[in-house]
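Numbering (the UniProt record's numbering), first residue to last: 1 to 171. Here's the structure we're looking at; comments come further down.
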Amino acid sequence: MAKAAFSKKKNLFTSKLDLNLRKKLVKCYFWSMALYGAEAWTIRAVDQKHLESFEMWCWRRMQKISWTDYVRNVEVLFRVSEQRNILHEIRKKANWIGHILHSNSLLKEVIEGKIEGQIEVTRSRGRCKKMLDDLGGRRGYFHLKEKALDRIKWRNCFGRDCGPIVLIDYR
């Protein structure tokens, strides 16, 4: 879906706008579309490669570099003065959800569905909880919430010292 949206706005992102502005637009519009709900994903090694290739695809299209030009990824990243950081964004989202679940806030109440209100027809009632069920070894939202309340357990599961983002490799 994000690639299709990029293709529709190709003229804008390959134009002579300032490079920093184009990078911000790509991260704002297309990465947000591609990473929707990423805090709930279980990322396998294959998914990690797909996300990294999507990131490089965006930078190559923005610079009008064809795959037949044989330009290395390092060179593309140098031209746009970026590093590979789409997986870092996913890590930040997972840390954010842990921070929210650890605190007693209105946002936590909204995520848990405890706030009453009118719900649109297009949105199912328990979507947020179902979206979060994939975190924490697929043990469910309440297990995830329990880990978030104990900061040491949360950091062991999703913290900065976990190593790579790859959680499970299904084969």
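Just so it is clear, CB atoms sit at the ideal spot from N, CA and C, and this is done for glycine as well.
Rounded to whole angstroms, the gap between the alpha carbons of C58 and W96 is 25 Å.
Excluding sequence positions up to five before and after Q63, its CB lies within less than 7 Å of the CB of V76, R79 and V80, all in the same chain and listed in chain order. Per DSSP, reduced to three states, the secondary structure at Y36 is coil, with no helix or strand assignment. Distances from the alpha-carbon of G98 to those of G37, C28 and A148 put A148 closest.
Taking the Cα of E52 as reference, the smallest distance to any Cα among W67, A38, I86 and F30 is reached at I86.
R44: not part of any alpha helix (DSSP H); DSSP gives it neither H nor E. A residue is called buried when at least 16 other Cβ atoms come within 10 angstroms of its Cβ; W154 meets this threshold and is buried. The shortest C-alpha to C-alpha distance from A4 to any of M33, I65 and L19 is the one to M33. Counted as a single uninterrupted DSSP element, the alpha helix (DSSP H) harbouring E109 occupies residues L106 to E112. For S66, the secondary structure class from DSSP, reduced to helix, strand or coil, is coil.
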